[in-house]
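Undergrad:
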Amino acid sequence: MLSEEAAPAREILTWDLFGEAGRDLAQMVADSGYRPTIILGVARGGLLPAACLSYALGVKNLFTMNVEFYTGIDQRLDLPVMLPPLLNVVDIKGASVLVVDDVADTGHTLKLVRDFCADHVVEARSAVIYEKSRSIVKCDYVWKRTDSWVLFPWSSQPPVVSGVRVAEA
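If you count by full-length UniProt numbering, then the sequence shown holds residues 1 to 169, one letter each, in order.
(1) Within the continuous alpha helix (DSSP H) that includes residue 102, where are the two ends?
(2) Is the CB-CB distance between residue 135 and residue 163 below 8 Å?
(3) Where does the unbroken alpha helix (DSSP H) through residue 41 begin, and where does it stop?
(4) So what does DSSP say about residue 29, is it helix, strand or coil?
(5) Quick check on the burial criterion: 16 or more other C-beta atoms within 10 angstroms. Buried or exposed for residue 157?
(6) Among 149, 38, 43 and 66, which one has its Cα closest to the Cα of residue 54?
(7) Quick one: grab the DSSP three-state call for residue 93.
(8) On the DSSP letters alone, give me the boundaries of the beta strand (DSSP E) that residue 113 sits inside.
(9) Determine the extent of the beta strand (DSSP E) in which residue 9 is found, giving its start and end residues.
(10) Based on the DSSP secondary-structure assignment, which residues constitute the bridge partners of residue 63?
(11) In the DSSP output, which residue or residues are listed as bridge partners for residue 149?
(12) Where does residue 125 sit, in a helix, a strand or coil, going by DSSP?
(13) Please classify residue 3: is it buried, with 16 or more other beta-carbons within 10 angstroms of its beta-carbon, or exposed?
(14) Please say whether residue 103 and residue 137 have beta carbons closer to each other than 8 Å?
(15) Just tell me which of 139, 131 and 100 has its CA closest to the CA of residue 148.
(16) By Cβ distance below 8 Å, which residues in the same chain neighbour residue 63 in space, the five residues on each side in sequence not counted?
(17) For residue 11, which of 160, 152, 33 and 123 has the nearest alpha-carbon?
(18) DSSP puts residue 20 in a beta bridge; with which residues?
Put into structure tokens, the structure is as follows:
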């Protein structure tokens, strides 16, 4: 067992702080003058932040892309993979898109989504609650920068059903 001094640093986001983060991110977007016509949440971690920004910015067009990359704490696939159902490019053609995720860790997931959108949208910007220094994508809107492992309130508890594999906290 690791001593407290040897334990990896953790960033803990509470539900209350999540509410603040969502409003702060929305205010950053509004203050920048960017007016997205679509909010695109990266499933799963970006779903709640995307919904929060959708309400705060008054954008009812909320889409999702399901991307798998992390399989546990610091355990990931070699490359992120888009999972079905895939987003139909007709739905985003000519739009101004705000891509939303919970964290830009390596940035590979956001790069995959951004590259997918690039040839179809007028403009795509990104918003995350947390951005890490190692991210290959530098997001347009960031609530906080950290290099710690982040515990989010929606994924820090084990599932209520047995037999489901989740990332360890």
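Every residue gets a Cβ at the ideal spot worked out from N, C-alpha and C, and that includes glycine.
TA: The short version:
(1) In the sequence shown, counting from the first residue as 1, residue 102 sits at position 102. Here residue 102 belongs to no alpha helix (DSSP H); instead the beta strand (DSSP E) covers 96–104.
(2) Position 135 of the sequence shown holds residue 135. Position 163 of the sequence shown holds residue 163. Going by C-beta atoms, residue 135 is not nearer than 8 Å to residue 163.
(3) Counting from one through the sequence shown, the residue named residue 41 turns up at place 41. Here residue 41 belongs to no alpha helix (DSSP H); instead the beta strand (DSSP E) covers 38–43.
(4) Position 29 of the sequence shown, counting from 1, holds the residue named residue 29. It is helical.
(5) Within the sequence shown, the letter at position 157 stands for residue 157. Counting Cβ neighbours within 10 Å, residue 157 comes out exposed, since fewer than 16 surround it.
(6) Taking the first residue of the sequence shown as position 1, residue 54 is located at position 54. Ranking 149, 38, 43 and 66 by Cα distance to residue 54 puts 38 first.
(7) Sequence index remark: in the sequence shown, residue 93 carries index 93 (1-based). In this structure, residue 93 counts as coil in the three-state DSSP scheme.
(8) Within the sequence shown, the letter at position 113 stands for residue 113. Unbroken run through residue 113 is the alpha helix (DSSP H), 108–118; no beta strand (DSSP E).
(9) Locating residue 9 in the sequence shown gives position 9, counting from the first residue. Taken as a continuous stretch (DSSP letters only), residue 9 belongs to no beta strand (DSSP E), as it is neither H nor E.
(10) For the purposes of this step, residue 63 is identified with residue 63 of the sequence shown, where counting begins at 1. Its beta-bridge partners are 40.
(11) Against the sequence shown, residue 149 aligns to sequence position 149. Beta-bridge pairing links residue 149 to 10.
(12) Numbered from its first residue, the sequence shown carries residue 125 at position 125. Here residue 125 sits in strand by DSSP.
(13) In the sequence shown, the residue the question calls residue 3 occupies position 3. The predicted position of residue 3 is uncertain, since its pLDDT is 49 and thus under 50; no value can be drawn from it.
(14) The count along the sequence shown starts at 1 and reaches residue 137 at position 137. The count along the sequence shown starts at 1 and reaches residue 103 at position 103. No, Cβ-Cβ distance for residue 137 and residue 103 is not below 8 Å.
(15) Counting from one through the sequence shown, the residue named residue 148 turns up at place 148. If we check each option's Cα against that of residue 148, 131 comes out closest.
(16) One-based indexing of the sequence shown puts residue 63 at position 63. These residues qualify, in order along the chain: 38, 39, 40, 41, 87, 91 and 92.
(17) Numbered from its first residue, the sequence shown carries residue 11 at position 11. Comparing Cα positions, the closest option is 152.
(18) Position 20 of the sequence shown, counted from the first residue, corresponds to residue 20. BP columns for residue 20 are empty, so no partner.
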